[in-house]
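The numbers in my numbering rise by one with no breaks, and the one at position 198 of the sequence shown is 198. Yeah, the Cβ is synthetic: ideal placement off N, Cα and C, and Gly gets one too. First the structure, in the form of structure tokens, and then the observations on it.
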Amino acid sequence: MATNPADSQLDIAVVGGGIAGIYCCLQLQKRLNDISSGNVKEALPIGGKAISKEWLKKNAVAITLYEASERLGGRIETWSIEIKPGEAGLATDTMPYGQTDGGSTDCLRAEFGPMRIEPREQPLLNDLLSYVGITEPDSDVEDIHDLKPFPSYAAEEPAEPKFTLRGEEAEQHSLLDLLLLAMLRICELINEQLEQEAERGAAKTHATAVWNPQARKYWRQFLGNSSVRRRYWKGELRDWISNLTENDYDTIRRRLKVNDVYLFDMGFWNLLSEVLSHLAVVRIRDWASYYHLIPENPNAAEWLIFWLRAFKTSSSLRGIAGGMGLMIHEAEAKLSSDPRIVIKKKHKLVRLAPDGGQMNLTFDVGAGRTASFSCHELFLALPKRPLEKLSLPTKQAALLNTVVGIPLLKAFFLIDQPWWEDNRPANRYAGDLPTRELHYSKSAKKTKGMIMVYTDRPATQFWTEYITEDIAGADKNQGGEIFYQRIIHQEAAKIWELGDRRVTSEYDTPNPRLWRRFVQYARDYEHNDFTLNHLRACGIRDWGKEPYGGACHAWRPGQKSWEVMDELEAFSLSGEKGKKHVHVCGEAYSDYQGFIEGSLRSTARVLERLGKAQPANPGYRFDAHKFLQRWSLKGGELTHWTMDRWLKASFFL
Numbered sequence: 001m002a003t004n005p006a007d008s009q010l011d012i013a014v015v016g017g018g019i020a021g022i023y024c025c026l027q028l029q030k031r032l033n034d035i036s037s038g039n040v041k042e043a044l045p046i047g048g049k050a051i052s053k054e055w056l057k058k059n060a061v062a063i064t065l066y067e068a069s070e071r072l073g074g075r076i077e078t079w080s081i082e083i084k085p086g087e088a089g090l091a092t093d094t095m096p097y098g099q100t101d102g103g104s105t106d107c108l109r110a111e112f113g114p115m116r117i118e119p120r121e122q123p124l125l126n127d128l129l130s131y132v133g134i135t136e137p138d139s140d141v142e143d144i145h146d147l148k149p150f151p152s153y154a155a156e157e158p159a160e161p162k163f164t165l166r167g168e169e170a171e172q173h174s175l176l177d178l179l180l181l182a183m184l185r186i187c188e189l190i191n192e193q194l195e196q197e198a199e200r201g202a203a204k205t206h207a208t209a210v211w212n213p214q215a216r217k218y219w220r221q222f223l224g225n226s227s228v229r230r231r232y233w234k235g236e237l238r239d240w241i242s243n244l245t246e247n248d249y250d251t252i253r254r255r256l257k258v259n260d261v262y263l264f265d266m267g268f269w270n271l272l273s274e275v276l277s278h279l280a281v282v283r284i285r286d287w288a289s290y291y292h293l294i295p296e297n298p299n300a301a302e303w304l305i306f307w308l309r310a311f312k313t314s315s316s317l318r319g320i321a322g323g324m325g326l327m328i329h330e331a332e333a334k335l336s337s338d339p340r341i342v343i344k345k346k347h348k349l350v351r352l353a354p355d356g357g358q359m360n361l362t363f364d365v366g367a368g369r370t371a372s373f374s375c376h377e378l379f380l381a382l383p384k385r386p387l388e389k390l391s392l393p394t395k396q397a398a399l400l401n402t403v404v405g406i407p408l409l410k411a412f413f414l415i416d417q418p419w420w421e422d423n424r425p426a427n428r429y430a431g432d433l434p435t436r437e438l439h440y441s442k443s444a445k446k447t448k449g450m451i452m453v454y455t456d457r458p459a460t461q462f463w464t465e466y467i468t469e470d471i472a473g474a475d476k477n478q479g480g481e482i483f484y485q486r487i488i489h490q491e492a493a494k495i496w497e498l499g500d501r502r503v504t505s506e507y508d509t510p511n512p513r514l515w516r517r518f519v520q521y522a523r524d525y526e527h528n529d530f531t532l533n534h535l536r537a538c539g540i541r542d543w544g545k546e547p548y549g550g551a552c553h554a555w556r557p558g559q560k561s562w563e564v565m566d567e568l569e570a571f572s573l574s575g576e577k578g579k580k581h582v583h584v585c586g587e588a589y590s591d592y593q594g595f596i597e598g599s600l601r602s603t604a605r606v607l608e609r610l611g612k613a614q615p616a617n618p619g620y621r622f623d624a625h626k627f628l629q630r631w632s633l634k635g636g637e638l639t640h641w642t643m644d645r646w647l648k649a650s651f652f653l
């Protein structure tokens, strides 16, 4: 990109090389190609221009993707662990799709970022996956581009201690069932509120009419008072959940109340306490091996929607055989092949300012140096923490604190000769460790295994204490004592490998405290004979550290998310009306937080509103399917998930 763009060139800057920034570039790339070829007749309103086929014949468009770190992907971070016959150590690689593993699937993949998706219910992600060649398997030969079944949400609690519950709470078979009971009772309170509003004329429609027709039928059934209905409430509640649409979620988000309080105006912990006993809430809070985020107390409306989505998709979750990083690898290859697009890594945005009819961006490029560039349209595809460090206009800067960063942590332990049975269920013995989730996997020949610890607070504070420089780089005083250097800023997962070291004590390992701690856990709970040299490598990623400030985000109680999104989706640095050429997009300020689909939806909303000076009207609801009719990356007919195909895919691997 030129420092002083010529009039004949339109410069677009996308800051942030995570999935939102990549998706933005892919969409703009395809739209420009379609306009050039004549496949799309509609002009693209961007940078104060109307980009048409005729315009492109006389002018140029340059898109630059800026990323602060050395790699693209942001919070998508896959490490591949190559398993070789007779190998004592291992080979770890963050770029696992080149010559290192040759496309082999005999790798263990450590997903330090997202690991489970649901393409059937996530249309934008489904479209993106198809575009980069990641699909359900179509043969019995496994390929790294295959989607594969991922374990459903599960909640195994320890035998002790017990929380004494009564009534229906005591009758639930699992902690997931206990949360489902809370959902039932919340629905009962919502229904009472709707009926009261209808009686006093505050509502124009019947209580059930807030839902789509199919969901309405099941709403009546599971809230029925007959003993038959009460007996089968779980199945009928799940039927209602399975038939909810995005419009229904938006109704929950904007309109519904409990005890005369809007759901968006209360915390999720407070909402659960309206329908469950304190001990039941504590039992979920302390032992449930799923992400309720009760201690964070997020916006009740948004987190209720989060869990309605989760119950709907739990049985059809997917992973990617080659790891989530494969999606980034394939997308980057598409962008890199386009002469219109330039990718600049190690460019951290530190300042932005209006510059006539353009915007001036200043980047830290390392070694005390900066570089400046100008653009006509700016997409800030960044999470909350980096956005807070920029001098945004007062109104938009004040809105950044409407969400809170959630500091999740993952730790992986590579084991030689794993002791556990094949296909061990997720979260087995999760209550025996300081964690929320616990996952097990084995290499194809069963010679290596991997245990993943995945947790939120408070256990993040336990594991993050082990993120230090390895023992070779630690400070030692004259007496030989070791002073561990803790890592504050984490650009990538910290990996410790045993390699070919001869181990006689924990001090022969690269992280003695972590090796000692894991070995003790293994001996205490399952494997009395487990030794230091059986633990071949460890890796920890604390997303709460700089520069991310959280693995995902949640709306705070009291925030009207739809109004905040409207304000951040398009604004001007100078405050000039009609010149809203700055856009914030990404998972943080989306209506699907915690998932890749949220990043894509946020970006799609921004693209849909390009060239529109005013905020969306109060009744605006983003429709992903309508968006894809105009902006599909794959083009043609999108994947249609029939039950027959889904069952075939689910049992293929």
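When you compare each of the options to residue i by their alpha carbons, which one comes out closest?
i      : options                        : result
Thr78  : Asp623, Ile495, Pro512, Val584 : Ile495
Thr245 : Ala551, Glu121, Leu380         : Glu121
Lys348 : Phe363, Ser337, Val342, Asp355 : Phe363
Gly18  : Gly366, Gly598, Arg502, Tyr232 : Gly598
Met565 : Phe150, Ala397, His278         : Ala397
Lys58  : Thr64, Ala367, Ala50           : Ala50
Gln589 : Gly575, Lys580, Glu569         : Position check: residue 589 holds Tyr in this sequence, whereas Gln was assumed. Checking every option, the nearest Cα to that of Tyr589 belongs to Glu569.
Arg621 : Trp631, Ile596, Asp591, Lys612 : Asp591
Trp55  : Pro213, Leu32, Arg75, Ala68    : Leu32
Cys538 : Gly499, Ser574, Ala551         : Gly499
What is the rounded straight-line gap between the Cα of residue i and the Cα of residue j?
i      : j      : result
Leu610 : Arg351 : 24 Å
Phe694 : Trp269 : Summary: the structure shown does not reach residue 694, with the chain confined to residues 1 through 653, and so no result is reported for it.
Arg385 : Glu546 : 8 Å
Leu72  : Ala43  : 30 Å
Arg253 : Met266 : 12 Å
Ile117 : Ser8   : 42 Å
Thr100 : Glu82  : Its pLDDT being 40, under 50, Thr100 is placed unreliably in this model, and the coordinates cannot settle the point.
Arg457 : Asp542 : 11 Å
Arg516 : Leu535 : 10 Å
Arg523 : Trp233 : 43 Å
Val15  : Glu142 : 36 Å
His439 : Asp248 : 33 Å
Ser139 : Leu189 : 49 Å
Gly86  : Trp419 : Note that Gly86 scores a pLDDT of 47, beneath 50, so its modelled location is shaky; the value from the coordinates is reported in the next line. Going by the C-alpha atoms only, they are around 18 Å apart.
Asp34  : Val40  : 5 Å
Quick one: what's residue i bridged to in DSSP?
i      : result
Tyr655 : Lying outside 1 to 653, the shown extent of the chain, residue 655 is not represented and no answer is given.
Asn299 : Gly267
Pro149 : Arg318
Tyr454 : Lys410, Glu437
Tyr666 : Outside the modelled stretch of the chain, which goes from 1 to 653, sits residue 666, for which no answer is possible.
Ile117 : Arg318
Val261 : Val258
Lys442 : Gly449
Leu44  : Ile51
Thr164 : DSSP output for Thr164 lists no bridge partner at all.
Cys107 : Glu82
Over what stretch of residues does the alpha helix (DSSP H) that includes residue i continue unbroken?
i      : result
Tyr23  : 19–37
Tyr507 : Neither: Tyr507 is in no alpha helix (DSSP H) and is coded neither H nor E.
Glu330 : 325–336
Pro213 : 213–222
Gln358 : That residue, Gln358, is in no alpha helix (DSSP H); its beta strand (DSSP E) goes 358–366.
Lys53  : 53–58
Lys580 : Where Lys580 is concerned, there is no enclosing alpha helix (DSSP H), given that its DSSP letter is neither H nor E.
Ala604 : 596–608
Val282 : 278–287
Gln485 : It is not in any alpha helix (DSSP H) - Gln485 carries neither H nor E in the DSSP assignment.
I need the boundaries of the beta strand (DSSP E) containing residue i, first residue and last residue.
i      : result
Trp496 : 494–497
Ala537 : 535–542
Trp79  : 78–82
Thr370 : 369–375
Ile341 : 341–344
Ala430 : Here Ala430 belongs to no beta strand (DSSP E), and DSSP marks it neither H nor E.
Throw me the rounded Cβ distance for the residue i and residue j pair, which I believe falls under 8 Å.
i      : j      : result
Leu628 : Tyr131 : Actually they do not touch by this definition, with Cβ atoms about 11 Å apart.
Trp555 : Pro298 : 6 Å
His553 : Glu576 : With a Cβ gap of about 30 Å, His553 and Glu576 do not count as contacting.
Ile341 : Ile63  : 5 Å
Phe413 : Phe518 : 6 Å
Pro510 : Glu497 : 7 Å
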